[in-house]
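*Asks:* Residue numbers (our numbering): 1 to 198.
Next comes the structure, spelled out in structure tokens:
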């Protein structure tokens, strides 16, 4: 029984890494590249502008998730199960995903991946993240292939939902955050979508 459990755990971790690894994801997003575990150069005059490049965080507990979404965390946070919080959460920090754009500049991105996928990039499991409030303070952020239950506060431009559901309201702290928000046809928001200061 113990050997079976260990074998299942190893297999699920392999699939989880497949979901967070690779180059472009199935949705055509820039994304799931394996960055090297290095920190970008710190701007001494403006530490808030520091970009950090890291490998993915594979999390299966609340404390690890909180650490991964912090400014000291990783550019992509992959969950292995449903996670529930009684406290408000904040996705913060500027991160690069290890790729370059056509001009050769680092691509800024942050992704909460509420799913696992197989080697063919087929989504195999979807998870729910529950919290009273989740604030998006990281630029170029997204939630993908799962459900967030609670109110979402978006303080950055170009936030997107990819095959994801928000079971709650989406409040934008600026007009541009609202006007640049996108979601694909398989995403949904059950509540309001409006500008509201925190």
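Yeah, the Cβ is synthetic: ideal placement off N, Cα and C, and Gly gets one too.
Please read all numbers here as calculations on a predicted model, not as lab measurements.
Might you give, ordered along the chain, the residues of its own chain that have their beta carbon closer than 7 Å to the beta carbon of residue 123, omitting 5 neighbours on each side?
*Replies:* So the list reads 115, 117, 145, once near-sequence residues are dropped.
*Asks:* Is DSSP giving residue 141 helix, strand or coil here?
*Replies:* strand
*Asks:* What does the Cβ neighbour count give for residue 160, buried or exposed, with the cut at 16 atoms within 10 Å?
*Replies:* With 16 or more other Cβ atoms within 10 Å, it is buried.
*Asks:* Report the residue from 113, 133, 106 whose alpha carbon sits nearest the alpha carbon of residue 79.
*Replies:* 113
*Asks:* Taking the alpha carbon of residue 110 as the reference point, which residue from 95, 99, 120 has its own alpha carbon closest?
*Replies:* 95
*Asks:* Report the three-state DSSP secondary structure of residue 194 (helix, strand or coil).
*Replies:* strand
*Asks:* Who does residue 113 pair with in a DSSP beta bridge?
*Replies:* 78, 144
*Asks:* Quick one, which of 108, 150, 163 has its alpha-carbon nearest residue 99's?
*Replies:* 108
*Asks:* Taking the alpha-carbon positions, what's the residue 188 to residue 62 distance?
*Replies:* 25 Å
*Asks:* Give the straight-line distance between the Cα atoms of residue 170 and residue 151, rounded to the nearest whole angstrom.
*Replies:* Between the alpha carbons of residue 170 and residue 151 lies a distance of about 6 Å.
*Asks:* Evaluate residue 184 with the Cβ neighbour count: other Cβ atoms within 10 Å of its Cβ, from every protein chain shown; 16 or more gives buried, anything less gives exposed.
*Replies:* exposed
*Asks:* In three-state terms, what does DSSP make of residue 66?
*Replies:* helix
*Asks:* Report the rounded CA-to-CA distance for residue 128 versus residue 81, giving the unit in angstroms.
*Replies:* 8 Å
*Asks:* Under the rule that 16 or more other beta-carbon atoms within 10 Å means buried, what is residue 41, buried or exposed?
*Replies:* For residue 41, the pLDDT reaches just 25, beneath the cut-off of 50, and the residue's location in the model is therefore unreliable, although a value from the coordinates is still provided. With fewer than 16 Cβ atoms within 10 Å of its Cβ, residue 41 is classed as exposed.
*Asks:* Per DSSP, residue 188 forms a beta bridge with which residues?
*Replies:* 165
*Asks:* Would you check if the distance between the CB atom of residue 173 and the CB atom of residue 153 is smaller than 8 Å?
*Replies:* yes
*Asks:* DSSP state of residue 176, grouped into three classes?
*Replies:* Three-state DSSP puts residue 176 in a helix.
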